[in-house]
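Written below as structure tokens is the structure these notes are about.
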Amino acid sequence: MMNRERCLTTFLAFACALIVAAGCGGGGEAGGEEGAMEEEAGGVATAMDAKAATVDTATAATVSGTVSFTGTEPEAEAIDMSEEPNCAARYDMPKTTEEVVVGEGGGLANVFVYVKDGLSGMTFSVPSEGVVLDQAGCWYRPRVFGIQVGQDLVIKNSDGLLHNINAKAEQNRGFNISQPVEMETTRQFGVPEVMVRFECDVHGWMYAYVGVLEHPYYSVTGNDGSFSLDTLPPGTYTIEAWHERYGAQTQQVTVGANESAEVTFTFGDASA
Amino acid sequence: MTRAATIAFGLALWWIATPALAQDTERGRELYDRWCAECHGTDGAGEGSAAAYMMPRPRDFTTGLYQIRTTANGELPTDADLVRVIEDGMPGTAMPGWESKFSDDEVRDLVAYIKDFSDFFELFGAPEPLEFGDRPGADAEALAEGRRLYEQIECWKCHGDRGRGDGPSAPTLQDDLDFPIRAADLSENWNFNGGGRVQDIYRRLRTGMDGTPMPSFSDLIDSGFMTDEQMWYLAAYVRSLSPPERPRVRDVIAARRVEGRVPAAADDSAWNAVPPYYVPLVGQIIEQPRWFAPGVDGLYIRALHDGATLALRVTWHDPSQSPDPDWLEWQGWVAETVQPAPEAEPTALLPDRLVVQFPTAIPTGRERPYFLMGDSRRPVYLWEWSSDAGAHEAWASGLGTRAPLDGGDLSAAAEWEAGAWTVVFQRPLAAADTATTLSFRSGVAIPIAFFAWDGSNGESGAQMAVSSWYSIYLEEPTPKTVYVSPVLAMLVTAGLGVLVVWRAQRREVEGSSQQ
């Protein structure tokens, strides 16, 4: 099948080249399409091979701000970990769901804020240091995080009991691996995707989200709801804030050299 | 060659090459639309018109996720992997094997078309199958090592201690599309997707079953936690949880005659004297409300009688001891997944049930009552057992007409252990009231049929698993002549033998004396 397709592609290219050479443009469009497809297929590798952009720190800009919560905070529910006594024993109070975490100042935690648009044409080097996703106390730590395409994701089991990590991706190839003992496994993502959900099928309450990007401009809000995207090249950006329950919101912002811009997002019942 | 000739040559090659490919996917599409689209949908998204009746749902080809592969976890399947699933089907699901239906070329064309549903195949190209080493022999020691690993890496968490899909995480399992999915019953390897041989199990452990909660365990070898050989031992142990052969279905269940009393307890060693008879069950899809997702797919029956009482021991696998609150959420998921939905409220805890059906009298001719609880012309007599109300006799003349019979001499003992129910029924052969109740007699085939309900699967009423009619044959007492005749025959044979030898010897002696 593949061979035959490759054969055909060769024939097509051959035929088209001849037709174009003969001054007949009839087949040019088809040939163009084939070419575009191949470029797309190899796009990830091309981006990674290309010389990464270096941002001039002397002119770098910052986009920061807060994500605040409005409305009535949904009540966290206690999680029944009785089937896993070793995990249950790690908590003085039963662990509760953390779908919506609002800080004292009204900030919304676990919001993934990132540059969605405005960096096209630039490539960024992949950090050599990996990002750690730990399973400790039958809980994913961190719950929401970011990673770059091609960067190592180090999945760690600190519990020493059976977890499986079922990465449910759509743009990437997902995976589902088992970690029944204390161990580490390394995986990578091939293309950007916001977000990829991780689930542990053994413990139905365990899940986490990763935002996969081609650049390092992302931030996850803490309990104060604050985020900061530093060392940005000056420019106009679409900033997206994503929350597991309330979905995504975007805002446009323009920052000049050495400028800082503030962006605020509000999530809650009204935005759901 | 002139430029025009070159162009002509190129075009000719193009013309020759193009139809071959077009024919491939075009024929694949025709076959797909005709035979596959009803379940998998014309757009390949697994949402065909029949999909809503199924659990598990048909594969969604647009995701490029496939359970049965020879490639690493998260990778695309090879063409050979897809061919295998089309030809062999997915046992235990609605996906049949198509080997006898399609030619090799047709399957190849189908594979080409199915791959077109996902961009991943074009993006990634042909995947590399994993290297699977040779299977080492598995002796008792290896099986023990396999068992140790089964415990250590917590296979039981989903599959249960004895592999019957009754682990503590089993009620929470969902597939990638958030439909409920059962942990495989590892003691019925004929239902394994991807095959039930040791090498098949080993491959599932290595590759995982993408799109389901079953992960890959390859990292355990890569990280040095266990060896490839140990993975084979684990596979061999999992294989050992099933019988050596798939149980054969036989029409007649023989109830052996025992000396003394028939056993009343499920674990009585007297049961070992008779082999289990396997009776497959299917969903009741004839009358409304139909049921396409039965939880019980087969029963193992043993029968004994002592001349006065018939004892029937029925065992079936059921991961939940209903009514079980741990499975209530599952019940809700099933209600959201399967059409027609269960009639019972998904918030009500339902019991498990079993019914053994007989005619009200031993038929004189070949006609038997309608297998679905009889009809007004030929009613049926029932042994009913439920996990919340014990056993009693009943009578019915059609689905939904059952009426309990007062009094009666039916007794039953039930136990649920490690994902299996065992119910032992006992009843005197003679009936108190022969108008409604069957009197059993030895030496004649008596029709028998079965119905089962898995409460935590949302089953009640007509939404159940059913069997067709079988027969139970109570063996007659062995007549005395059975013991006497062989001895007589042996004596006569021996006597004749001696006579022949004696005459031959005499003849020899006479002959030599004449010379």
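Residue numbers (our numbering), protein chains in the order written: chain S, 23 to 294; chain R, 316 to 830. All C-beta atoms in this analysis are idealised placements derived from N, C-alpha and C, irrespective of residue type, glycine included. A quick note: this is a predicted structure, and the numbers were derived from the prediction, not measured.
Would you check if there are 3 or more beta carbon pairs closer than 8 Å linking the segment 506 to 515 of chain R to the segment 200 to 213 of chain S?
No: fewer than three Cβ pairs fall under 8 Å.
Are R:Arg-572 and R:Leu-806 close, meaning C-beta to C-beta below 9 Å?
By one-based count along the second sequence, residue 572 of chain R stands at place 257. By one-based count along the second sequence, residue 806 of chain R stands at place 491. In this structure, R:Leu-806 does not lie closer than 9 Å to R:Arg-572 by Cβ.
Please state the DSSP three-state secondary structure of R:Arg-399.
Taking the first residue of the second sequence as 1, we reach residue 399 of chain R at position 84. Looking at R:Arg-399 - three-state DSSP - the assignment turns out to be helix.
For the structure I just gave you, are there three or more beta carbon pairs, one from the segment 498 to 510 of chain R and one from the segment 168 to 176 of chain S, closer than 8 Å?
Segments in contact, no.
What are the complete beta strand (DSSP E) segments, minimum 3 residues, inside the segment 545 to 610 of chain R?
Within the segment 545 to 610 of chain R, the complete beta strand (DSSP E) runs of at least 3 residues are 567 to 572 and 592 to 595.
Measuring CB to CB, does R:Asp-566 end up less than 9 Å from R:Tyr-785?
For the purposes of this step, residue 566 of chain R is taken as residue 251 along the second sequence, with counting starting at 1. For the purposes of this step, residue 785 of chain R is taken as residue 470 along the second sequence, with counting starting at 1. Yes, they are a contact pair.
In the DSSP assignment, the alpha helix (DSSP H) including R:Arg-462 goes from what residue to what residue?
As a first step, residue 462 of chain R must be located in the second sequence, where it is residue number 147. Element bounds for R:Arg-462: 455 to 467.
Strictly below 9 Å CB to CB, what residues from chain R border S:Glu-236?
Taking the first sequence and counting its residues from 1, the one referred to as residue 236 of chain S is at position 214. By Cβ distance, chain R contributes nothing, its closest Cβ being about 16 Å from S:Glu-236, past 9 Å.
Within a Cβ cutoff of 8 Å, which residues of the same chain sit near R:Glu-682, ignoring the five residues on either side of it in sequence?
As a first step, residue 682 of chain R is located in the second sequence; it is residue number 367 there, counting from the start. Result list for R:Glu-682: Arg-693, in chain order.
Curious, which full-length alpha helix (DSSP H) runs of at least 4 residues does the segment 346 to 392 of chain R contain?
Runs of the alpha helix (DSSP H) inside the segment 346 to 392 of chain R: 352 to 355.
Consider the Cβ of R:Met-546: report whether some Cβ of chain S lies at a distance smaller than 9 Å.
Looking up residue 546 of chain R in the second sequence gives position 231. Chain S contact via Cβ: absent.
Following a CB-centred definition, is R:Phe-376 positioned closer than 8 Å to any heavy atom of the ligand MN?
As presented, the structure is devoid of all ligands, the ligand MN included, so that no description of it is given.
Taking 9 Å as the CB-CB limit, is S:Gln-201 close to chain R?
Locating residue 201 of chain S in the first sequence gives position 179, where the first residue counts as 1. Cβ-Cβ to chain R under 9 Å: yes for S:Gln-201.
At which residue ranges does the segment 753 to 808 of chain R contain complete beta strand (DSSP E) runs of 3 or more residues, listed in the order of the chain?
If we require 3 residues or more, the beta strand (DSSP E) runs fully inside the segment 753 to 808 of chain R come out as 760 to 768 and 785 to 789.
Is S:Ser-142 buried or exposed, if buried means 16 or more other CB atoms sit within 10 Å of its CB?
As a working note, residue 142 of chain S is residue 120 in the first sequence. So S:Ser-142 ends up on the exposed side.
Check the Cβ of R:Ser-531 against every Cβ in chain S and list those closer than 7 Å, keeping chain order.
Here residue 531 of chain R is taken as the residue at index 216 of the second sequence, counted from 1. Those within 7 Å of R:Ser-531 in chain S are Asn-198, Ile-199 and Ser-200.
For a contact defined as C-beta to C-beta under 7 Å, what are the partners of R:Ile-536 on chain S?
Walking along the second sequence from the start, residue 536 of chain R turns up at place 221. What R:Ile-536 touches in chain S: nothing, since even the nearest Cβ is about 11 Å away.
Within its chain, find whatever has a CB closer than 7 Å to the CB of R:Pro-640; leave out the 5 residues flanking it on each side and keep chain order.
Reading the second sequence from its first residue, position 325 is the one you call residue 640 of chain R. Leu-664.
Does the Cβ of R:Tyr-798 have 16 or more other Cβ atoms within 10 Å, making it buried, or fewer, making it exposed?
Counting from 1 along the second sequence, the entry for residue 798 of chain R is found at position 483. Counting Cβ neighbours within 10 Å, R:Tyr-798 comes out exposed, since fewer than 16 surround it.
Suppose you measure from the CA of S:Tyr-136 to the CA of S:Leu-254; what does that come to, to the nearest Å?
Within the first sequence, numbered from 1, the residue matching residue 136 of chain S stands at position 114. Within the first sequence, numbered from 1, the residue matching residue 254 of chain S stands at position 232. Distance between the alpha carbons of S:Tyr-136 and S:Leu-254: 11 Å.
Ignore the nearest five residues each way along the sequence and tell me which others in S:Gly-54's own chain have a CB closer than 7 Å to its CB.
Here residue 54 of chain S refers to the residue found at position 32 of the first sequence. Only weak support exists for where S:Gly-54 lies, its pLDDT of 37 falling under 50; the value from the coordinates is given anyway. Closer than 7 Å at Cβ, skipping near neighbours: no residue.
Which residue wins for smallest C-alpha separation from S:Gly-244, given the options S:Gly-129, S:Glu-284 and S:Glu-221?
Walking along the first sequence from the start, residue 244 of chain S turns up at place 222. Taking only the C-alpha atoms, the option nearest S:Gly-244 is S:Gly-129.
Does the beta-carbon of R:Ile-429 have 16 or more other beta-carbons within 10 angstroms, so that it is buried, or is it exposed?
Translated into positions along the second sequence, residue 429 of chain R becomes position 114. Answer is buried; the Cβ neighbour count reaches 16.
Determine, for S:Ala-111, whether the minimum Cβ-Cβ distance to residues of chain R falls below 9 Å.
Translated into positions along the first sequence, residue 111 of chain S becomes position 89. No, no contact with chain R.
So which residues of chain R does S:Leu-183 contact, with C-beta pairs closer than 8 Å?
Stepping through the first sequence from its first residue, residue 183 of chain S is reached at position 161. What S:Leu-183 touches in chain R: Glu-469.
Please state whether DSSP places R:Thr-751 in a helix, a strand or coil.
Walking along the second sequence from the start, residue 751 of chain R turns up at place 436. In the structure shown, R:Thr-751 sits in coil (DSSP, three-state: anything other than H, G, I, E or B).
Determine the direct distance from the alpha carbon of R:Phe-532 to that of R:Leu-464, and round the result to whole angstroms.
Residue 464 of chain R sits at position 149 when you count from the first residue of the second sequence. Residue 532 of chain R sits at position 217 when you count from the first residue of the second sequence. Near 12 Å, if we compare the C-alpha coordinates of R:Phe-532 and R:Leu-464.
What do you get for R:Lys-416, buried or exposed, if any count of 16 or more other CB atoms within 10 angstroms of its CB means buried?
Numbered from 1 along the second sequence, position 101 holds the residue referred to as residue 416 of chain R. When all chains shown are included, R:Lys-416 counts as exposed.
Run the CB neighbour count on S:Asn-198, radius 10 Å, all protein chains shown included, and call it buried at 16 or more, exposed below.
Along the first sequence, one-based indexing puts residue 198 of chain S at 176. Buried: at least 16 other Cβ atoms inside 10 Å.
Tell me S:Val-85's beta-bridge partners as DSSP assigns them.
Here residue 85 of chain S corresponds to residue number 63 of the first sequence, with the count starting at 1. DSSP lists S:Leu-251 and S:Ala-283 as partners of S:Val-85.
Between the Cα of R:Pro-666 and those of R:Gly-575, R:Met-779 and R:Ala-585, spot the shortest distance and give me the residue it belongs to.
The residue you call residue 666 of chain R lines up with position 351 of the second sequence. Of the candidates R:Gly-575, R:Met-779 and R:Ala-585, the one whose C-alpha sits nearest the C-alpha of R:Pro-666 is R:Met-779.
Does the segment 618 to 636 of chain R touch the segment 655 to 664 of chain R, meaning 3 or more C-beta pairs lie closer than 8 Å?
No, they do not touch.
Please state whether the Cβ-Cβ distance between S:Gly-196 and R:Gly-356 is less than 9 Å.
The residue labelled residue 196 of chain S in the question sits at position 174 within the first sequence. The residue labelled residue 356 of chain R in the question sits at position 41 within the second sequence. No, Cβ-Cβ distance for S:Gly-196 and R:Gly-356 is not below 9 Å.
Name the residues in the segment 478 to 506 of chain R whose C-beta lies less than 8 Å from a C-beta of chain S; which are they?
Result list: Pro-483, Ser-484, Thr-487, Leu-488, Gln-489 and Asp-491.
Would S:Thr-207 count as contacting chain R if we go by Cβ distances under 9 Å?
Here residue 207 of chain S refers to the residue found at position 185 when the first sequence is read from its first residue. Answer yes: the Cβ-Cβ gap between S:Thr-207 and chain R drops below 9 Å somewhere.
To which residues does DSSP link R:Trp-700 through a beta bridge?
Walking along the second sequence from the start, residue 700 of chain R turns up at place 385. DSSP output for R:Trp-700 lists R:Leu-669 and R:Ala-706 as bridge partner(s).
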